[in-house]
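So this is what it looks like as structure tokens:
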């Protein structure tokens with residue numbers, strides 16, 4: 060692995076900024092050096108200071124671009140790479156009409172591997188260096204996902220979905236097969252390289268009580284694994300869940316009653332919450348995940364980030380491809396800004412970029428490994444070009460602050476603004 064010294068403007072966060080003036084929350088250097096050795100960030104600081112410590116290391120000059128920790132996507136569906144941009148209908152019909160038929164194709168090892176390569180290509184192109192993914196119900200899909208993640212040496216989390224009802228017959232597992240496949244995948248992949256396994260009951264509608272009980276057993280047997288599912292995305296979904304689990308106090312209580320809530324639990328969407336559910340999130344430390352492009356695309360509703368944050372709940376933010384309409388975390392932040400605006404809430408650009416990096420790392424409990432440019436963390440880094448398009452360059456002529464530049468990236472940026480991506484210290488776009 061090649062040691063290297065990156066030069067450019069550097070931005071990294073130490074905590075969430077409370078306002079645009081909260082300069083103690085981050086470090087920004089106009090001419091910085093970032094020293095990478097063996098895939099780890101060894102040191103950062105003024106370029107000449109770092110250069111004096113590393114005369115033997117090749118310099119890669121990224122000026123005038125901005126060096127930032129790689130983006131982290133906390134909710135995405137690997138088998139939906141060819142579902143994105145499927146027209147019409149809300150959640151339950153959309154699943155039945157588009158998603159479930161597509162996911163049946165992942166029984167094929169060849170198809171799963173081809174889609175895994177395409178999926179990871181898209182992540183890299185858009186500056187996402189870590190993600191939490193749902194695979195299909197098939198073990199083959201999860202094997203392909205983790206195999207490709209391992210080949211690229213990316214820090215990835217994922218798991219095969221558990222679903223034994225309310226889906227096509229060739230897209231259902233059983234309580235026993237779901238348990239056996241998940242156990243085998245954990246043995247094969249969890250903690251191997253940079254991989255982490257996520258126990259993944261798709262959502263309450265597609266799991267019987269017996270399967271939810273099995274998920275509880277898996278979680279107890281493997282406390283180091285994360286758990287992911289969906290919660291209160293759509294009002295019809297909530298009503299159907301209450302029919303299936305009539306004894307539950309509310310939707311979240313289904314998961315709570317099976318012991319699936321904790322600080323390693325990720326709950327996609329969480330839009331339409333009851334007061335008791337919010338109290339339970341506070342009590343258990345489980346994390347809602349905001350998926351703005353998906354929520355708008357399916358007409359699901361508006362996520363109350365401000366209200367939940369005020370209760371001390373730590374929210375993730377994610378693309379949710381394929382109901383999500385872009386792999387790009389910049390565009391996810393763009394739409395997230397608008398969703399909050401509709402509710403009279405604000406999202407400062409410094410808060411937005413913290414959220415997509417260190418904030419999501421904190422949600423995963425991985426901030427000591429990813430999400431910042433702190434010495435000792437893994438060298439997953441993106442290089443952002445805020446003048447990547449003619450329109451951006453024109454707007455940048457009038458930018459007078461870092462916050463303005465970040466907001467231009469957030470609103471106008473896409474994959475063209477990702478000038479380079481380093482995964483574990485290795486350049487991915489130029490293969491330098």
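Residue numbers (the working numbering): 60 to 491. Built from N, CA and C at the ideal position, the CB exists for glycine as well.
In the DSSP assignment, residue 136 forms a beta bridge with 193. For residue 260, the secondary structure class from DSSP, reduced to helix, strand or coil, is strand. For residue 266, the CB contacts under 8 angstroms within the same chain, skipping 5 residues up- and downstream, are 221, 222, 223, 224, 260 and 274 in chain order. Around the beta carbon of residue 227, fewer than 16 other beta carbons sit within 10 angstroms, so the residue counts as exposed. In the three-state reduction of the DSSP assignment, residue 213 falls in the coil class, being assigned neither a helical nor a strand state.
Relative to residue 230, the option among 217, 165, 184 and 212 whose CA is nearest is 165. Residue 251 is classed as exposed because its beta carbon has fewer than 16 other beta carbons within 10 Å across all chains shown. DSSP places residue 100 inside the beta strand (DSSP E), whose first and last residues are 99 to 105. With contacts defined by Cβ atoms closer than 8 angstroms, residue 90 and residue 105 form a contacting pair.
Take the alpha-carbon of residue 412 and the one of residue 395: they are about 12 angstroms apart.
Shown here for residue 393: same chain residues with a beta carbon closer than 7 angstroms to its own, the five before and five after excluded, namely 469 and 470 in chain order. By the C-beta density criterion, residue 146 is exposed, having fewer than 16 other C-beta atoms within 10 angstroms. One thing to note: residue 82 has its Cβ no nearer than 8 angstroms to the Cβ of residue 131. Around the CB of residue 255, 16 or more other CB atoms lie within 10 Å, so the residue is classed as buried. In the three-state reduction of the DSSP assignment, residue 481 falls in the strand class, which pools E and B. Non-local C-beta neighbours of residue 402 in its own chain, meaning closer than 6 angstroms and more than five positions away in sequence, comprise 361, ordered along the chain. For the segment 364 to 420, the continuous alpha helix (DSSP H) assignments of 4+ residues that do not extend past its boundaries occur at 364 to 369, 388 to 400 and 408 to 413, in sequence order.
As a beta-bridge residue in DSSP terms, residue 66 pairs with 92 and 120. Residue 87 is positioned such that its CB atom lies no closer than 8 angstroms to that of residue 64. Proximity to residue 330 across 200, 282, 306 and 292 peaks at 292, based on C-alpha coordinates. 417 is the residue among 417, 472, 447 and 443 whose C-alpha sits nearest the C-alpha of residue 433.
A distance of 8 angstroms or more separates the beta carbons of residue 277 and residue 311. Judged by beta-carbon spacing, residue 487 lies within the 8 angstroms limit of residue 183, meaning their Cβ atoms are closer than that value. Nearest neighbour of residue 271 by Cα position, chosen from 284, 246, 315 and 431, turns out to be 315. When rounded, the separation of the alpha-carbon atoms in residue 408 and residue 462 is 6 angstroms. Taking 8 angstroms as the cut-off, the beta carbon of residue 366 is found no closer than this to the beta carbon of residue 422. The way I'd put it, the segment 145 to 159 doesn't touch the segment 114 to 133; fewer than three beta-carbon pairs between them come closer than 8 angstroms. Between residue 246 and residue 284 a beta carbon distance of about 12 angstroms is seen, past the 8 angstroms cut, so the two are scored as non-contacting. The segment 435 to 445 and the segment 108 to 118 do not touch, with fewer than three beta-carbon pairs separated by less than 8 angstroms.
Taking a 10 Å sphere around the C-beta of residue 341, we find fewer than 16 other C-beta atoms and assign the residue as exposed.
The beta-carbon separation of residue 98 and residue 483, rounded to 4 angstroms, stays under the 8 angstroms limit for a contact. The beta carbon of residue 344 sits closer than 7 angstroms to those of 321 and 322, all from its chain and outside the five residues before and after it, given in chain order. A straight-line Cα-Cα distance of about 13 angstroms links residue 451 and residue 477.
Assigned with DSSP and collapsed to three states, residue 170 falls in helix. Annotation for residue 84: 72, 73, 74, 75, 76, 77, 409 and 413 place their beta carbon closer than 8 angstroms to its own, counting only its chain and skipping 5 residues before and after. Remark: C-beta atoms of residue 211 and residue 179 approach each other more closely than 8 angstroms.
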